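Residue numbers (full-length UniProt numbering): 1 to 149.
Here it is, written out as structure tokens:
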């Protein structure tokens, strides 16, 4: 297995560097600081960032040799939720569940307990596989890490 070295920085979409590979990460895995990852092409590299971050869509890891490993959001089991969105969003938020919010629907990761609750509240639910991109925290963070802001 080829070793690409260490990534010590994250780049935004459109970084312009040559691409050394791609790494597919789900929502949970896109929150990291230090971890060894393996690209879809079979090469490994170490991520060693100064602090824990939540990777934005289109992010890439900057390698020391000037190349980048691009992050691909994994398709994961999600529920598309339609109905009385303010009420449904309140109940989801009251359970501190990450939620993607659009004008005409909500999206959460599949959860049988929440699914049953939402059906009781009259929601229309559709299961699918899609990248999960929940709304970040109110204080400019990509995710909330507890209540100490």
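Built from N, CA and C at the ideal position, the CB exists for glycine as well.
No experiment lies behind these values; they were computed from the predicted model shown.
Candidates 38, 65, 130, of which the one nearest residue 18 by Cα: Here the closest residue by C-alpha is 65.
8 Å Cβ shell around residue 89 - same chain, five flanking residues per side excluded: 99, 101, 106, listed in sequence order.
Local conformation of residue 41 per DSSP, three classes: Coil at residue 41, not helix or strand.
Buried versus exposed, by CB contacts within 10 Å (16 or more), residue 95: With fewer than 16 other Cβ atoms within 10 Å, it is exposed.
Which listed residue (93, 44, 15) has its alpha carbon closest to that of residue 135: Nearest option by C-alpha distance: 93.
C-beta atoms of residue 130 and residue 61 nearer than 8 Å: In terms of Cβ geometry, residue 130 and residue 61 do not form a close pair [threshold 8 Å].
Helix, strand or coil at residue 91 according to DSSP, with G and I counted as helix: Correct three-state label for residue 91: helix.
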